[in-house]
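One structure below.
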Amino acid sequence: MPLNAFPKVRTRIAPSPTGNLHLGTVRTALYNVLFAKKHQGEFFFRLEDTDRQRSEEQFTQEILEGFKWLNISWDTPEVPLHAPETLVGLGEDGIVRQSLREAVHSSYIERLINEGKAYRCFATVEELDAMREAQKARKEIEKYDNRSRALSKDDSEKLLSEGKPYVVRLNLGADHVITWLDLIRGEVSINTKDLGGDPVIQKSTGQVLYNFAVVIDDYEMQISHILRGEDHISNTAKQIAIYEALNFPIPAFGHLPLIFTKDKQKLSKRKHGDIASVNTYKTQGYLAKALVNYLLGTSYNSAKYGEIFTITEGAEDFQITSVSKSPAIYDIQKLNWYNRDYISKLNYQEILTYVSRFSKFDLENNSLFNSSQIQLIVESIQESLDKFEQIDEHINYFFEDFKLDDSTLITIAEEGKEVIHEFISLIESGSLDFADQNSIKNGINSIGEKLNLKGKKLFFPIRVAISAKTSGPELGFIAVLLGKEKIVERLNSALLETSHRN
RNA sequence: GCCCCCAUCGUCUAGAGGCCUAGGACAUUCGGUUUUCAUCCGAACAACAGGGAUUCGAAUUCCCUUGGGGGUACCA
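Per the numbering used here, the first sequence starts with residue 7, numbered consecutively.
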């Protein structure tokens, strides 16, 4: 596709360090990466840290760690063509820090004032409140009435010299329609009359507003394609007005659908807590690749790879135009499915690394089992793990004893006790080989024949007695690893507990 | 209120006028395998929001309605 006036595809992610790394931010970043990869372009990272009230260094660190964990890296912007020397605010780490660019932003404000495209507005907050009240009383739409457009240059200079506080507003001119061809949505049009009057571009503190800073920074970083959340659609109209006032080439815009929860609300930290935060997934033991794949899959399916694909594979046939327009509802079950799938494909060294990190048992240096036994244990539960956080609930009975609770004991029942008795005598008769799974299994089978029991009635009592669980690897497998003594001990103690209960 | 965006199974999606009695995946349910559990295999369930218009023909184009969401700051 003929991209646009820009020589090269450059995209960016521009998070604010005002909270944890949000799933939505990651998703936006991912689509930007995908698009840049697909078009052999570059992807940049800009930190929008100008909100001094809410920005915190701790959040910056969390965001960077999150990106690192997810293995999303960015390119370093080169010296911009349009800007004079170096790109102000660019750090060694390739990150552009917006807070370091305030002087740059201000200089463009001055330029607009000099060109008559922006003006100072000395109206006080009280004055503007009164204006809105009056509009409300008249049942008009509340918006800035552009009153200061009329201020003469002399009057303006006078108020300025008197030290009166002011904001700078962009002169939107006569009402007109701003239209862009959205990469995802097609043509989008917004009339400037619905923008709430001439927008403030610089506060009375001298700091510029978000919409202005974004335009300046994207321009100097030569961003060619801006892919961001749908919640920015109305910002885009204002930003295009700023691009036009500044006579900057206008990049292409694409507005991605948002992530919703089941209640159809935008996924937010405030309302939905931890599930919005990337850190939660890292902590619970999700694989970064699975999370990436899930996030990408929410609004995009690879024609070539279907559901399961890496970011590189996804980029092969990525079409920004085929990204879904409607919101994606957050679905933990789908994420878990991805994660199970990725976990099950891990080789042993990989899974051991993860599992060790999440287990309270020292798997790599264990006194009960040697390394090949550990491998057998880990591999036996590899496919039943949704996330690594669950590791110990699957393997704890190998490492420590337990007390059966009522809900577990109930599965043993009367017949079960008999099964256990028989199993104990069989073991003690010495006819089972604890080095051989099949020997154990055959032994259990013979009990089944003797008592005329099969299926759950035969296997559950033993399973519960030796593992306190109704699911897990083969019984023979467990028995061989735990060994004769431990098995007998647990069988006896289960019998004891059932008798206490009855 | 005003402006904008969106609308296919419960969920994510395929579908760019006839290939659609709408395909796949997740979830769910039921079978088979495993004398248990997990895995695996098979099957079932289940959707074009409603109404008009265009057309020989519409999930696909247009309009309206309804529903949902976003925005509406000297926040980002």
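We put the CB at the ideal spot given by N, CA and C, even for glycine.
query                                                                                                                                                              : result
Counting pairs of beta carbons, one from the segment 455-475 and one from the segment 404-421, are three or more of them closer than 8 Å?                          : yes
Which two residues bound the contiguous alpha helix (DSSP H) that contains Glu84?                                                                                  : It is not in any alpha helix (DSSP H) - Glu84 carries neither H nor E in the DSSP assignment.
So, Gly30 versus Leu264, is the Cβ gap smaller than 8 Å?                                                                                                           : yes
Kindly confirm or deny that the segment 297-304 and the segment 352-362 touch, where touching means at least three C-beta pairs closer than 8 Å.                   : no
Comparing C-alpha positions only, which one of Leu96, Glu395, Ser112, Gly303 sits nearest to Arg52?                                                                : Leu96
Just the C-alpha distance for Ile69 and Val174, rounded to the nearest angstrom, thanks.                                                                           : 32 Å
So does Thr414 have its beta carbon nearer than 7 Å to some heavy atom of the ligand SAM?                                                                          : Absence of the ligand SAM from the depicted structure is noted, as is the absence of any ligand whatsoever, leaving it without description.
Could you tell me which whole alpha helix (DSSP H) segments of length 4 or greater appear in the segment 327-393?                                                  : 338-350, 354-364, 377-387
Quick check: Ser373 and Asp398, are their CB atoms within less than 8 Å of each other?                                                                             : no
Buried or exposed: where does Thr242 fall if 16 or more other Cβ atoms within 10 Å of its Cβ makes it buried?                                                      : buried
Between Leu389 and His400, what straight-line distance do the alpha-carbon atoms span, to the nearest angstrom?                                                    : Looking at the sequence shown, residue 389 is not Leu but Glu. Glu389 and His400: Cα-Cα distance of roughly 11 Å.
Can Leu166 and Arg138 be called in contact, C-beta distance under 8 Å?                                                                                             : no
Assuming contact is defined by CB atoms lying nearer than 8 Å, are Ile326 and Leu189 in contact in what I supplied?                                                : yes
Tell me whether Arg234 sits in a helix, a strand or coil according to DSSP, three-state version.                                                                   : strand
What alpha helix (DSSP H) runs, 4 residues minimum, are completely inside the segment 290-332?                                                                     : 294-303, 317-322
Report yes if the CB atom of Thr56 is closer than 8 Å to the CB atom of Gln213, and no otherwise.                                                                  : yes
At what residues does the alpha helix (DSSP H) containing Phe259 begin and finish?                                                                                 : Taken as a continuous stretch (DSSP letters only), Phe259 belongs to no alpha helix (DSSP H), being part of the beta strand (DSSP E) at 258-262.
Kindly indicate which residue of Gly279, Ile184, Pro21 has the alpha-carbon position closest to the one of Asp200.                                                 : Ile184
Do Lys14 and Ala321 count as a contact pair if the criterion is CB distance below 8 Å?                                                                             : no
Would Phe440 and Ala500 qualify as a contact pair, given that the criterion is a beta-carbon distance under 8 Å?                                                   : no
Across the segment 446-455 and the segment 481-495, are there enough close Cβ pairs to call them in contact, namely three or more that are closer than 8 Å?        : yes
Output needed for Val361: all residues of its chain with C-beta closer than 7 Å, excluding positions within five of it in sequence on either side, in chain order. : Leu369, Val384, Phe394, Ile397
So, are the CB atoms of Pro205 and Asn217 less than 8 Å apart?                                                                                                     : yes
For a quick check, are the C-beta atoms of Pro23 and Glu62 less than 8 Å apart?                                                                                    : yes
In this structure, how does DSSP classify Thr31 when only helix, strand and coil are distinguished?                                                                : helix
Who are Asp188's beta bridge partners in DSSP?                                                                                                                     : Gly192
Can you give me the start and stop residues for the beta strand (DSSP E) that Tyr125 sits inside?                                                                  : 124-127
Over what stretch of residues does the beta strand (DSSP E) that includes Leu53 continue unbroken?                                                                 : 48-53
Just how far apart, CA to CA, sit Ile433 and Asn451?                                                                                                               : 13 Å
Return helix, strand or coil for Arg18, following the three-state DSSP convention.                                                                                 : strand
Under the rule that 16 or more other beta-carbon atoms within 10 Å means buried, what is Val131, buried or exposed?                                                : exposed
State buried or exposed for Ser154, treating a residue as buried only when at least 16 other CB atoms are found within 10 Å of its CB.                             : buried
In angstroms, rounded to a whole number, what distance separates the CA positions of Ile78 and Asp280?                                                             : 21 Å
Distance, Cα to Cα, Ala109 vs Leu40?                                                                                                                               : 33 Å
First and last residue of the alpha helix (DSSP H) that includes Leu457?                                                                                           : 443-457
For Ser283 versus Leu27, is the C-beta spacing smaller than 8 Å?                                                                                                   : yes
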